[in-house]
Structure formats: structure tokens, C-alpha cells
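A.B. asks: If you're matching positions, the sequence shown starts at 1 in full-length UniProt numbering and goes up one per residue.
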Amino acid sequence: MGLAIAAASRARRLSPPNPWVGAVVLSASGEVVGTGSTQAPGGSHAEVAALLEAGELARDGVLVVTLEPCNHQGRTPACTEQIIDAGISRVVVAIEDPDPLVAGSGIERLRSAGLQVSLGTRAAEVRDQLAPYLRQRVTGRAFCVVKTAMSLDARSVARDGTSQWITGPEARADAHNVRADSQAVIIGAGTALADSPSLNARDATPPATRQPARVLLDARGRVPATGPLFDQSIAATVVFTTDSADPGAIKAWREAGAVVEFVETQGSGVHLEQVLQVLSEKYGVLQAMVEGGAAMHAAFIEASLVDRLVAYVAPTFLGRDGRLAFDLDGPSTVMDASKWRITNTMLVGSDIRITLDPIVAAEELS
């Protein structure tokens with residue numbers, strides 16, 4: 001299963017909106033004779049890629065796969081039928097696929113054909129690897145990653161309004177890997193006006209196979225349709241706004257090549273959950289990365305929409321006059337504070353990257 005998990009990781013940026021899956025075929029004598037990972041949409045699924053590499057050596061062998069094989073005809077034939085036709089005798093599956101088109105039917109089909117099927121090998125590891133896909137299939141919305149950079153005293157902007165750069169070049173390059181792993185990068189009007197960002201994954205390692213869509217949340221039509229954000233040669237631009245937005249801004253966005261989506265108003269901004277739902281349903285986004293400012297980060301957190309928080313902490317202080325990284329109201333007592341689990345810490349250059357998952361969200365996927 002370790003080889004299958006490693007194979008799946010290689011498809012992380014290639015396969016969406018399909019899940020990144022890895023598969024390994026063992027011959028009847030126990031030798032590895034085929035390895036595969038999910039190809040780009042319309043290409044082979046991991047199981048089929050591994051079976052093609054194995055050829056006749058797959059007969060009477062074992063297939064190890066990170067996600068339950070599909071049992072339906074989509075862009076490609078059902079994997080279950082190809083597994084059966086290859087003469088595989090046993091299938092080892094890490095986790096079931098919660099997609100309603102699968103949901104146990106793949107395992108049932110294999111067993112009904114006489115194959116031995118075992119479930120649960122290294123399941124927790126695979127659930128973490130496939131967390132964006134699982135969240136999207138379970139909730140119908142994109143998996144939401146909030147990324148922030150801050151000082152040791154949790155400030156993201158200095159007294160004079162500067163924020164570039166709090167962290168070092170290594171941390172900034174690492175953040176581009178999070179972008180490359182996402183299918184959409186979300187910012188608000190304030191960030192767009194202050195930074196005029198391009199939001200592409202230009203420093204990812206390995207290089208991004210495709211650029212994430214740039215998503216602007218602008219309820220009133222404050223952001224002009226100029227600058228890198230609206231340069232369609234970089235990547236697609238999607239603007240989420242409301243019926244109360246300036247008609248002139250909407251017209252300009254469209255003329256610049258952006259797609260404009262209308263959602264309901266929530267407070268003084270757009271309805272954030274609807275944004276994540278539309279990104280999932282209409283654009284096939286499994287993971288959306290939020291790179292806004294303190295107010296936007298707080299809005300996603302307070303709406304319980306954050307599935308993962310990635311914080312880059314720099315070894316410096318910005319002081320009491322600096323702006324906090326999160327503009328949260330906060331609980332009235334410590335007992336009511338939200339609970340997060342640190343899943344990873346890593347030194348990146350001179351900075352520390354801390355990855356956290358909300359405990360409730362993590363439990364829902366277990």
C-alpha cells in the first residue's frame with residue numbers, strides 16, 4: 001500500500017476533478033509487476049494504468065489500490081470490469097469511495113465476481129491524502145484551505161501597512177506548492193486593491209501542471225478590471241458578486257474575460273458557502289485556497305468553512321500597532337474556543353509552517 005500511496009501523490013495536481021489514486025499489481029508470486037496513478041481527466045484510472053503495465057503477469061495476482069474502484073461507465077469504462085477481466089484474484093482497498101456513483105458498489109461487484117476484497121489498509125493515511133476529494137463528495141463544496149503569513153505576535157501587516165515580505169523566499173515558494181495543489185485561489189476586494197496579485201503558482205516544485213483559477217470576492221464592484229488578476233493569459237478569473245454590485249464593474253469584468261457569478265449577500269460580503277458550492281459544482285474544484293486578509297480569514301473561520309489552516313510564522317515581531325492575521329470576534333470564554341489539531345510542523349528556510357485541521361471537520365472524514 002505504501003507504493004500505491006506514493007503513486008497517488010504523483011497525480012495530486014494532474015487528476016482533479018477526479019481523485020488522485022494510486023495502484024500496484026503484484027504477480028501470483030508476490031512481485032511488483034505494475035504501478036499506476038490517476039491520469040488527467042479522460043485518461044486511465046490508477047487501477048487500469050497498473051494493469052496495463054502488468055499485462056499477463058496480473059493474472060491470479062493482487063491489486064492494491066488507495067480508493068475503491070469505480071463500478072460505472074463515465075469518461076472511461078468501469079474499473080471493476082477491467083480488474084475482473086485481467087484475472088486478478090484479490091483486491092486490497094484502503095478506503096471506500098463516498099461518491100454516490102460508487103459508495104461500496106465497486107467492492108460489491110468484485111466480491112460477486114469471486115474476488116477476495118479486503119478494506120481498511122492504511123485507511124487513515126489515505127483519508128488524509130484524499131481529504132479534499134472526500135470533503136467535496138461528502139459536503140458538496142470545495143475543501144477550503146486558509147493560508148496566512150504572520151509574525152510571532154500574530155501580525156500580518158506592519159504599522160505602516162506593509163506586509164511584503166514577512167516571511168522569507170523559501171516560505172513564499174512553499175506557499176506556491178499549496179496553490180499548485182489547489183484548483184482555485186480566493187481573495188477579497190481589499191487584497192486585490194492593495195496587492196494587485198497574479199495568484200499563479202509560479203514557484204511550485206515540481207512545476208504546476210496547470211494554474212488554479214483566480215477567484216475574486218467583490219460584493220459591491222470595487223475592484224477595477226485591470227492588472228495581473230484579469231490577465232487571462234495567466235489563468236482564468238472568476239468573480240463572485242451580488243445583485244447590488246455596480247453594473248459598470250460587472251460589465252468591465254466580463255469585457256476583461258472574467259466569468260461573473262452571482263451569489264446571495266452574507267453580512268457585507270458574498271455568501272461564502274455558496275461560493276465554495278459553486279466552485280465545486282460548476283468548476284470541479286476539489287480544493288480552494290483562501291489568501292485574503294484578516295477579515296476574510298475570520299469570515300471563513302467564523303462560518304466553520306475552513307478545513308485546513310496553513311500558517312507561516314516568521315521569527316520577528318511587528319508589535320501592538322501591527323494588524324492581526326485574523327480579525328476574529330472570538331469566544332467569551334476559553335471553554336468555548338474552537339479546537340484545532342496540529343497535523344504538521346516544518347521549518348521552511350528561517351520560518352515555520354504549521355498545518356492545522358479543525359477537530360470537528362477531521363472527525364467527519366474519519
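Heads up, the beta-carbon is just placed ideally off N, CA and C, and yes, glycines get one too.
1. How would you label Gly-162, buried or exposed, when you count the other beta carbons within 10 angstroms and need 16 or more for buried?
2. Going by C-alpha to C-alpha distance, which of Thr-237, Gly-284 and Leu-324 sits closest to Val-215?
3. Three-state secondary structure (DSSP) at Gly-36?
4. Within its chain, find whatever has a CB closer than 7 Å to the CB of Arg-323; leave out the 5 residues flanking it on each side and keep chain order.
5. For Arg-109, does the three-state DSSP call read helix, strand or coil?
6. Under 7 Å Cβ to Cβ from Leu-286, same chain only, skipping five residues before and after it: list those, please.
7. Let's see if you can read the secondary structure: which residues bound the beta strand (DSSP E) around Trp-253?
8. Quick one: grab the DSSP three-state call for Gln-82.
9. Reducing DSSP to helix, strand and coil, say where Ala-142 ends up.
10. Which of helix, strand or coil does DSSP assign to Ile-342?
11. Quick one: what does DSSP say Val-185 is sitting in, helix, strand or coil?
12. Alpha carbon to alpha carbon, how far is Ser-332 from Arg-210? Give it in angstroms, no decimals.
13. To the nearest angstrom, how far is it from the Cα of Asp-351 to the Cα of Val-263?
14. Any chance you could list the beta strand (DSSP E) runs of at least 3 consecutive residues sitting entirely within the segment 268 to 332, in chain order?
15. Do Arg-90 and Met-1 have their C-beta atoms closer together than 8 Å?
16. Using only CA atoms, which one of Ala-175, Val-138 and Ala-194 lies nearest to Ala-208?
17. Do you know how far the Cα of Val-48 is from the Cα of Gln-39?
18. Assess, as a yes-or-no matter, whether the segment 8 to 15 is touched by the segment 25 to 35 under the definition of 3 or more beta carbon pairs within less than 8 Å.
19. Just the C-alpha distance for Glu-125 and Val-259, rounded to the nearest angstrom, thanks.
20. Within the same chain, show all residues whose beta-carbon is closer than 7 Å to that of Ser-233, passing over the 5 residues directly before and after it, in chain order.
21. So Ile-83 packs on Leu-110, CB below 8 Å; how close in whole Å?
22. By the DSSP assignment, the beta strand (DSSP E) with Gln-129 in it spans what residues?
23. Using 10 angstroms around the beta-carbon of Val-138, count the other beta-carbons present and answer buried if the total reaches 16, otherwise exposed.
24. Beta-carbon within less than 7 Å of Val-306's beta-carbon, same chain only, minus the 5 sequence neighbours each way: which residues are those?
25. Straight-line CA distance for Ile-354 to Leu-26?
26. Mind checking whether Pro-228 and Ser-198 have CB atoms under 8 Å apart?
27. Going by DSSP in three states, Pro-358 sits in which element: helix, strand or coil?
28. Starting from the Cα of Gly-188, find the closest Cα among Asp-218, Ser-112 and Gln-129 and give me that residue.
29. Does the separation of the CB atoms of Ile-5 and Thr-66 fall below 8 Å?
30. CB-CB under 6 Å to Ala-113, same chain, minus the five flanking residues each way: which ones, in chain order?
31. Measure the CB-CB distance between Met-346 and Arg-179 and report whether it falls below 8 Å.
32. Would Gly-292 pass as a contact of Thr-191 if the rule is Cβ separation under 8 Å?
33. Using alpha carbons as the reference points, say which of Asp-195, Asp-246, Phe-240 and Trp-20 lies closest to Asp-97.
34. I'd like to confirm the pairing. Which residues does DSSP put opposite Gly-42 in its beta bridges?
35. If we ignore side chains and look at the alpha-carbon of each, how far apart do Ala-337 and Ala-298 end up?
36. Tell me where the beta strand (DSSP E) around Glu-261 begins and ends.
C.D. replies: So, to answer that:
1. Sequence check: residue 162 is Thr here, not Gly. With fewer than 16 other CB atoms across the displayed protein chains lying within 10 angstroms of its CB, Thr-162 is exposed.
2. Nearest of Thr-237, Gly-284 and Leu-324 to Val-215, Cα basis: Thr-237.
3. It is a strand residue.
4. So the list reads Arg-155, Ser-156, Val-157 and Ala-294, once near-sequence residues are dropped.
5. Three-state result, Arg-109: helix.
6. Within the same chain, Leu-286 has close Cβ partners Pro-16, Pro-17, Pro-132, Tyr-133, Gln-136, Ala-142, Phe-143 and Gln-183.
7. Per DSSP, Trp-253 is not a residue of any beta strand (DSSP E); the alpha helix (DSSP H) it occupies stretches across 247 to 255.
8. The DSSP-derived three-state label of Gln-82 is helix.
9. It is coil, neither helix nor strand.
10. Correct three-state label for Ile-342: strand.
11. Val-185 falls in the strand class under three-state DSSP.
12. So the two alpha carbons sit approximately 44 Å from each other.
13. Cα to Cα, Asp-351 sits roughly 38 Å from Val-263.
14. The qualifying runs are 287 to 290 and 308 to 313.
15. At the C-beta level, Arg-90 and Met-1 stay beyond 8 Å of one another.
16. Nearest C-alpha to Ala-208: Ala-175.
17. Roughly 10 Å separates the two Cα atoms.
18. A contact is defined here as three or more CB-CB pairs under 8 Å, and the segment 25 to 35 fails this definition with respect to the segment 8 to 15.
19. Looking at the two C-alpha atoms, the distance is approximately 37 Å.
20. Shown here for Ser-233: not one same chain residue has a beta carbon closer than 7 Å to its own, the five before and five after excluded.
21. Contact between Ile-83 and Leu-110 holds: CB atoms are separated by about 7 Å, below the 8 Å threshold.
22. Per DSSP, Gln-129 lies in no beta strand (DSSP E) segment; the continuous alpha helix (DSSP H) that holds it begins and ends at 123 to 129.
23. So Val-138 counts as exposed.
24. So the qualifying residues of the chain are Cys-144, Val-146, Phe-300 and Pro-358.
25. Rounded to whole angstroms, Ile-354 to Leu-26 spans 38 Å at the Cα level.
26. For Pro-228 and Ser-198, yes; Cβs fall inside 8 Å.
27. Collapsing the DSSP output to three states places Pro-358 in a strand.
28. The alpha carbon of Gly-188 has as its nearest neighbour, out of Asp-218, Ser-112 and Gln-129, the alpha carbon of Asp-218.
29. With respect to the 8 Å criterion, Ile-5 and Thr-66 are classified as neighbours on the basis of their beta carbons.
30. Ile-84, listed in sequence order.
31. Contact: no.
32. Judged by beta-carbon spacing, Thr-191 lies within the 8 Å limit of Gly-292, meaning their Cβ atoms are closer than that value.
33. Checking every option, the nearest Cα to that of Asp-97 belongs to Trp-20.
34. Partner(s): none; Gly-42 has no beta bridge.
35. The C-alpha of Ala-337 lies about 14 Å from the C-alpha of Ala-298.
36. Judged by DSSP secondary structure, Glu-261 falls within the beta strand (DSSP E) whose first and last residues are 259 to 262.
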